[in-house]
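Visitor: Protein chains in written order, with the UniProt record's numbering: chain A, 1 to 262; chain B, 1 to 262.
Protein chains: 2
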Amino acid sequence: MISIDRLEHIQPYAPKREKKYILLWCTSGDLLLRVDDKKLRLSKSELLTITSGQYFGILEQNKAMGFMLDFTLDFFCKTDHDIELVFQNGLFCHFDENELIAIPSPEQISGILEMIFKEFFVQPYQYLISIHSYVSLLLVEINRARIVNGYEIWKPDALFLRFLELVRNDFGEFVSLKELAQKLGTTTVRLNELSKSYTGKTALTVIFGLQISEAKRLMYYENLLMKEVAQRIGFEDQYYFSKFFKKQTGYSPTAYLKTIAS
Amino acid sequence: MISIDRLEHIQPYAPKREKKYILLWCTSGDLLLRVDDKKLRLSKSELLTITSGQYFGILEQNKAMGFMLDFTLDFFCKTDHDIELVFQNGLFCHFDENELIAIPSPEQISGILEMIFKEFFVQPYQYLISIHSYVSLLLVEINRARIVNGYEIWKPDALFLRFLELVRNDFGEFVSLKELAQKLGTTTVRLNELSKSYTGKTALTVIFGLQISEAKRLMYYENLLMKEVAQRIGFEDQYYFSKFFKKQTGYSPTAYLKTIAS
């Protein structure tokens, strides 16, 4: 599924867990946004992407104009090519932070989003095919903007991206790296090679990072006992979870909770 | 592979067997074209598609402006979706005649082709992805034009289209319908069902039609003995070929040769 709306039609709303990939594009005014435990202000000629699984809400709407596009992974990703395009340059693959992307040629982005908006509402013959093509053009255009802005190109292959998706979609039950590799039809050696080459970290360290992000989301947004947080990211024992959290972040879960409370 | 050029840069050339799918778009002037054994005049706001395997040449170039785009099937067709898009509405799937398509909104077609032209020559980051998207948009736009012109939508599924491709790519050696079905991982019953539903004819009748088109091309363009023509479309025996040709077309190979000579 895919949908699109003009920012000027969108009212502030409380953060909620997103099940879609979201792209926000601002042509004037600004929006104050909440993404996981961070606040971001999206202003003119800036673009922001939100990955499925993140918490997202709009805190303030200051006469912002532009577009909000959202789509599910299965709408866009028909081939490995599509998967790579969505996640390249970290576009929808946030290990840590969502970045505001400054767009040097805003008329291109606006032009493509206007076409998607028109196709979505008029629904002419084969509009889903044309929208898919326009979304591709949009993602290419964003990648080009990032290159102009001096970003290095990060172009992991589809297997590594499927590995990340698998981890993100199933925190609840602890699965060993070996089992993950088997599910993906590959080996732990290959996963470690890919992980080292694309992130500089082992596959297990990448998994740990994703678990920490998810643990923070649960602590921030859900009224859970620490034991339940631990379970939801695959730890049977609350004590081990606390040690793990402190080792990865440098502070204990309780210290994190105090930071966000203040 | 894909390439594009402006019509104004293209000089007349003698017909040759094309190994690519060609799309011609005229914005002013006209071209006198040869496609297989037919002559066609492409004029302002008209579009023509040529299927790989056809003979194509430009007989006269009368100040024609516009674009000529060509691509291989493997450049465009990454998914069944792409295959269906290329062949839908008979766009690149000529059983018999190539039709001039009148385009009611020429600025759309010109706009997309200008973008392809620009991407092709500038080759910015991910230009092959963006060109693929623009070609999809172009094919959707042509399908919409055909609907405006009152054509019925012809939307066979990918399996039937792969069947046609298989027949067209291998005339030389006689392969039974059963063997074709096996190669495609299906059954003769299923191929006949699809064929009846998309063409009103049995699968074998469709094969016969494709063989006749190919036989005519060989007689028209290549200096072959009738025995060689027969062999090239899968007949061991020249006598059977002549009977087959007469049964399918109503006239003998010799009569056909006389028509084209006059």
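Glycine included, C-beta positions come from ideal geometry on N, C-alpha and C.
This one's a predicted model, so the numbers in the text were calculated from it and none came from an experiment.
Between the Cα of residue 216 of chain B and those of B:193, B:200, B:241, spot the shortest distance and give me the residue it belongs to.
Guide: Your numbering for residue 216 of chain B matches position 216 in the second sequence. For the residues B:193, B:200, B:241, the minimum Cα distance to residue 216 of chain B belongs to B:241.
Visitor: Which same chain residues, not among the five before or five after residue 254 of chain B, have their C-beta less than 7 Å away from its C-beta?
Guide: Within the second sequence, the letter at position 254 stands for residue 254 of chain B. Nothing listed; no residue qualifies.
Visitor: Look up residue 74 of chain A in the DSSP assignment and say whether it is helix, strand or coil.
Guide: On the first sequence, position 74 is the one that residue 74 of chain A refers to. Residue 74 of chain A: helix per DSSP, three-state reduction.
Visitor: Tell me whether residue 86 of chain A is buried or exposed, calling it buried when 16 or more other Cβ atoms sit within 10 Å of its Cβ.
Guide: To locate residue 86 of chain A, count along the first sequence from 1; it is residue 86. Label assigned to residue 86 of chain A: buried.
Visitor: Please compile the residues from chain B whose C-beta is within a distance smaller than 7 Å of the C-beta of residue 126 of chain A.
Guide: Residue 126 of chain A sits at position 126 when you count from the first residue of the first sequence. Within 7 Å Cβ-Cβ: 140, 143.
Visitor: State buried or exposed for residue 79 of chain A, treating a residue as buried only when at least 16 other CB atoms are found within 10 Å of its CB.
Guide: By 1-based counting over the first sequence, the position of residue 79 of chain A is 79. By the 10 Å Cβ count, residue 79 of chain A comes out exposed.
Visitor: According to DSSP, residue 49 of chain A sits in a beta bridge with which residue or residues?
Guide: Within the first sequence, numbered from 1, the residue matching residue 49 of chain A stands at position 49. In DSSP, residue 49 of chain A forms a bridge with A:23.
Visitor: Cutting at 7 Å between CB atoms, please list the residues of its own chain near residue 233 of chain B, excluding the five before and the five after it.
Guide: Against the second sequence, residue 233 of chain B aligns to sequence position 233. 171, 211, 214, 215, listed in sequence order.
Visitor: Following the continuous alpha helix (DSSP H) through residue 10 of chain A, name the residue where it begins and the one where it ends.
Guide: Counting from one through the first sequence, the residue named residue 10 of chain A turns up at place 10. Note, residue 10 of chain A: premise wrong, no alpha helix (DSSP H); not H, not E.
Visitor: Using a Cβ-Cβ cut-off of 8 Å, state whether residue 32 of chain A counts as contacting chain B.
Guide: What you label residue 32 of chain A is simply residue 32 of the first sequence in a count that begins at 1. Not one chain B Cβ lies under 8 Å of residue 32 of chain A.
Visitor: Do you know whose CA, among A:68, A:43, A:146, A:235, lies nearest residue 125 of chain B's CA?
Guide: What you label residue 125 of chain B is simply residue 125 of the second sequence in a count that begins at 1. Checked all of A:68, A:43, A:146, A:235; the closest Cα to residue 125 of chain B is A:146.
Visitor: Quick check on residue 2 of chain B: does DSSP put it in helix, strand or coil?
Guide: Here residue 2 of chain B corresponds to residue number 2 of the second sequence, with the count starting at 1. If DSSP states are grouped into helix, strand and coil, residue 2 of chain B belongs with the strands.
Visitor: Measuring only between beta-carbons, confirm whether residue 103 of chain B sits less than 8 Å from chain A.
Guide: If you number the second sequence from 1, residue 103 of chain B lands on position 103. With 8 Å as the cut-off, residue 103 of chain B does not count as an interface residue toward chain A.
Visitor: Between residue 49 of chain B and residue 190 of chain A, what straight-line distance do the alpha-carbon atoms span, to the nearest angstrom?
Guide: What you label residue 49 of chain B is simply residue 49 of the second sequence in a count that begins at 1. What you label residue 190 of chain A is simply residue 190 of the first sequence in a count that begins at 1. If I take the Cα positions, the gap works out to 45 Å.
Visitor: Straight-line CA distance for residue 66 of chain A to residue 110 of chain A?
Guide: Walking along the first sequence from the start, residue 66 of chain A turns up at place 66. Walking along the first sequence from the start, residue 110 of chain A turns up at place 110. Near 8 Å, if we compare the C-alpha coordinates of residue 110 of chain A and residue 66 of chain A.
Visitor: If we define contact as Cβ-Cβ less than 8 Å, is residue 118 of chain B a contact residue for chain A?
Guide: Against the second sequence, residue 118 of chain B aligns to sequence position 118. No, residue 118 of chain B lies away from the interface with chain A (no Cβ there is under 8 Å from its Cβ).
Visitor: Please work out which residues of its chain come closer than 6 Å, Cβ to Cβ, to residue 32 of chain B, disregarding the five sequence neighbours upstream and downstream, and give them in chain order.
Guide: If you number the second sequence from 1, residue 32 of chain B lands on position 32. Closer than 6 Å at Cβ, skipping near neighbours: 41, 59, 60.
Visitor: So, with DSSP's three-state summary, where would you put residue 130 of chain B?
Guide: The residue given as residue 130 of chain B occupies position 130 in the second sequence. Residue state, collapsed to three classes: helix.
Visitor: Could you check the C-alpha separation between residue 3 of chain B and residue 130 of chain B for me, to the nearest Å?
Guide: On the second sequence, residue 3 of chain B is found 3 positions in, with the first residue counted as 1. On the second sequence, residue 130 of chain B is found 130 positions in, with the first residue counted as 1. Cα to Cα, the separation comes out at about 14 Å.
Visitor: Quick check on the burial criterion: 16 or more other C-beta atoms within 10 angstroms. Buried or exposed for residue 74 of chain A?
Guide: As a position in the first sequence, residue 74 of chain A is number 74, starting the count at 1. Exposed, by the Cβ-count rule.
Visitor: Just grab the DSSP bridge partners of residue 62 of chain B for me.
Guide: Taking the second sequence and counting its residues from 1, one reaches residue 62 of chain B at position 62. B:30.
Visitor: Would you mind reading off the limits of the beta strand (DSSP E) that contains residue 246 of chain B?
Guide: The sequence position of residue 246 of chain B within the second sequence is 246, counting from 1. Run containing residue 246 of chain B: none in the beta strand (DSSP E); it sits in the alpha helix (DSSP H), 238-249.
Visitor: Where does the unbroken alpha helix (DSSP H) through residue 257 of chain A begin, and where does it stop?
Guide: Locating residue 257 of chain A in the first sequence gives position 257, where the first residue counts as 1. Counting along the chain, the alpha helix (DSSP H) containing residue 257 of chain A begins and ends at 253-261.
Visitor: Return the chain-ordered list of same chain residues with a C-beta closer than 7 Å to the C-beta of residue 107 of chain A, the five sequence neighbours on each side being excluded.
Guide: Numbered from its first residue, the first sequence carries residue 107 of chain A at position 107. Nothing meets the Cβ criterion.
Visitor: Residue 133 of chain B touches chain A at which residues, Cβ-Cβ below 7 Å?
Guide: The residue you call residue 133 of chain B lines up with position 133 of the second sequence. In chain order: 133, 136, 137.
Visitor: Can you tell which of A:151, A:27, A:114 has the C-alpha that lies nearest to the C-alpha of residue 134 of chain A?
Guide: What you label residue 134 of chain A is simply residue 134 of the first sequence in a count that begins at 1. Residue A:114 is the option with its Cα nearest to residue 134 of chain A.
Visitor: So the alpha helix (DSSP H) residue 178 of chain A belongs to, where does it begin and stop?
Guide: Along the first sequence, read from residue 1 onward, the residue named residue 178 of chain A stands at position 178. Its alpha helix (DSSP H) spans residues 177-183.
Visitor: Applying the 10 Å Cβ sphere with the 16-neighbour rule, what's the burial state of residue 122 of chain A?
Guide: Working through the first sequence from its first residue, we reach residue 122 of chain A at position 122. When all chains shown are included, residue 122 of chain A counts as exposed.
Visitor: Rounded to the nearest angstrom, what separates residue 159 of chain A and residue 229 of chain A at their Cα positions?
Guide: Along the first sequence, read from residue 1 onward, the residue named residue 159 of chain A stands at position 159. Along the first sequence, read from residue 1 onward, the residue named residue 229 of chain A stands at position 229. Their backbone Cα atoms lie some 29 Å apart in a straight line.
Visitor: Count the CB pairs spanning the segment 172-185 of chain B and the segment 216-226 of chain B that are closer than 8 Å, and state whether there are at least three.
Guide: The segment 172-185 of chain B vs the segment 216-226 of chain B: no contact.
Visitor: Below 7 Å on C-beta distance, what does residue 79 of chain A contact in chain B?
Guide: Walking along the first sequence from the start, residue 79 of chain A turns up at place 79. Near residue 79 of chain A (Cβ distances below 7 Å), the residues of chain B are 78, 79.
Visitor: Near residue 120 of chain A, what residues of its chain come up, given a Cβ to Cβ distance below 6 Å and the 5 sequence neighbours on each side ignored?
Guide: Position 120 of the first sequence, counted from the first residue, corresponds to residue 120 of chain A. Excluding sequence neighbours, residue 120 of chain A sits near 4.
Visitor: Relative to the alpha-carbon of residue 91 of chain B, which residue among B:117, B:38, B:24 has its alpha-carbon at the smallest distance?
Guide: As a position in the second sequence, residue 91 of chain B is number 91, starting the count at 1. Cα-wise, what sits closest to residue 91 of chain B is B:24.
Visitor: Which residue marks the beginning of the beta strand (DSSP E) containing residue 38 of chain B, and which one marks its end?
Guide: On the second sequence, position 38 is the one that residue 38 of chain B refers to. Run containing residue 38 of chain B: 38-42, per the beta strand (DSSP E) assignment.
Visitor: Pull the bridge partners of residue 162 of chain A from the DSSP assignment, please.
Guide: The sequence position of residue 162 of chain A within the first sequence is 162, counting from 1. In the DSSP output, where bridge partners are listed per residue, residue 162 of chain A has none listed.
Visitor: Going by C-alpha distance, which of A:9, A:224, A:150, A:13 is nearest residue 64 of chain A?
Guide: If you number the first sequence from 1, residue 64 of chain A lands on position 64. When only C-alpha atoms are compared, the closest one is A:9.
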